[in-house]
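788 is the number of the first residue of the sequence shown in the numbering used here; add one for each residue after it.
Every residue, glycine too, gets a C-beta built ideally from N, C-alpha and C.
Keep in mind that this is a model prediction, so the values were computed, not measured.
Notes follow the structure.
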Amino acid sequence: MAGHSKWANIQHRKKAQDKKRGKIFTKLIREITVAAREGGADPDDNPRLRLAWDRALANNMPKDNILRAAQRGAGGGDNQAYEEVRYEGYGPDGAAIMVDCMTDNKNRTVSGVRYVFNRHNGNLGDNGSVSYLFSRQGTLTFSPDVDSDQVLETALEAGAEDLIESADGSFEVVTAPGDYSTVKAALEAAGLEPAHGDVTMRPFTTVELTGDSARVCLNLIDALEDLDDVQQVYTNVEFDTDALANSETESPA
């Protein structure tokens, strides 16, 4: 039966990331280097580096690579100056999309982002056009077979804000950005390992796309994530399970 499935959306994202492992490593190293340059090479004293560090580990990056990138950033070994910039726009059927970039050439970056939006039935909007639909929060996603009561008790004691269940039985622990690492560490210490976790731009409400609209929007997000200067893509879309299954079986264009 088709329908909303948080768990299917998480698994689809993991599969998409696995296909682009090399490019993801490059982006993670860039984030680690910049974070270490700004706040030092110790992740325990640098929340931004801790988050980038955890993302790298979650993507199976070797720890030696992470350490080298952090030390290079803190020691000034990377002289390339990156600017952080966010673009906002719309996908099919008004889907809200935000794109966080790290670039040394804004003209190149905005041209690439605009081209991808236009090519996939979307359009680049003005600053603030969709960001009001999102809030920066920490999220920790658990599979349906994990005891939600145990997770809730542990998470609330560690400072979490909420636990939100999905129709498929999976659920998310929601935290303030500054409490994310503390809550994650408490859950892991209790033997409750999240399937996915991040500090992200979480939509206040979501919309579901199906059929051709879902396929086009998935292709748009995938093409944006494939751009070298793009670090993160956020959307308020939850894709139905049929759309995800069809996108995984389609042959590359």
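Cβ-Cβ distance between residue i and residue j below 8 Å
i            : j            : result
residue 889  : residue 874  : no
residue 817  : residue 826  : no
residue 1023 : residue 882  : yes
residue 880  : residue 996  : yes
residue 887  : residue 1018 : yes
Nearest candidate by alpha-carbon position, reference residue i, set the options
i            : options                : result
residue 963  : 955, 932, 923 and 995  : 923
residue 985  : 998, 992 and 970       : 970
residue 823  : 811, 839 and 813       : 839
residue 990  : 1004, 973, 980 and 961 : 961
residue 956  : 930, 972 and 949       : 930
residue 1025 : 871, 974 and 998       : 998
residue 913  : 853, 934 and 885       : 885
residue 992  : 919, 946 and 945       : 919
Inter-residue Cα distance where the pair is residue i and residue j
i            : j           : result
residue 828  : residue 855 : 10 Å
residue 978  : residue 939 : 13 Å
residue 846  : residue 809 : 10 Å
residue 1002 : residue 863 : 43 Å
residue 983  : residue 842 : 10 Å
residue 953  : residue 844 : 26 Å
residue 1039 : residue 907 : Summary for residue 1039: the model assigns pLDDT 43, below 50, so the residue's position carries little reliability; its value from the coordinates is reported in the next sentence. Going from the Cα of residue 1039 to the Cα of residue 907 covers about 15 Å.
residue 904  : residue 911 : 6 Å
residue 860  : residue 830 : 13 Å
residue 946  : residue 896 : 38 Å
One or two residues paired with residue i in a DSSP bridge
i           : result
residue 812 : Answer is none; residue 812 lacks a bridge partner.
residue 911 : 876
residue 883 : 877
residue 958 : 929 and 952
residue 871 : 889
Whole-angstrom C-beta distance between residue j and residue i, which should lie under 8 Å
i            : j           : result
residue 1014 : residue 925 : In fact, because the Cβ distance is near 26 Å, the residues do not count as touching under 8 Å.
residue 988  : residue 967 : No, residue 988 and residue 967 are not in contact; Cβ-Cβ is about 13 Å, not under 8 Å.
residue 973  : residue 941 : 6 Å
residue 893  : residue 917 : At roughly 20 Å, the Cβ-Cβ gap does not stay under 8 Å, so residue 893 and residue 917 are not in contact.
residue 915  : residue 878 : The pair is not a contact, with the Cβ atoms about 17 Å apart (cut-off 8 Å).
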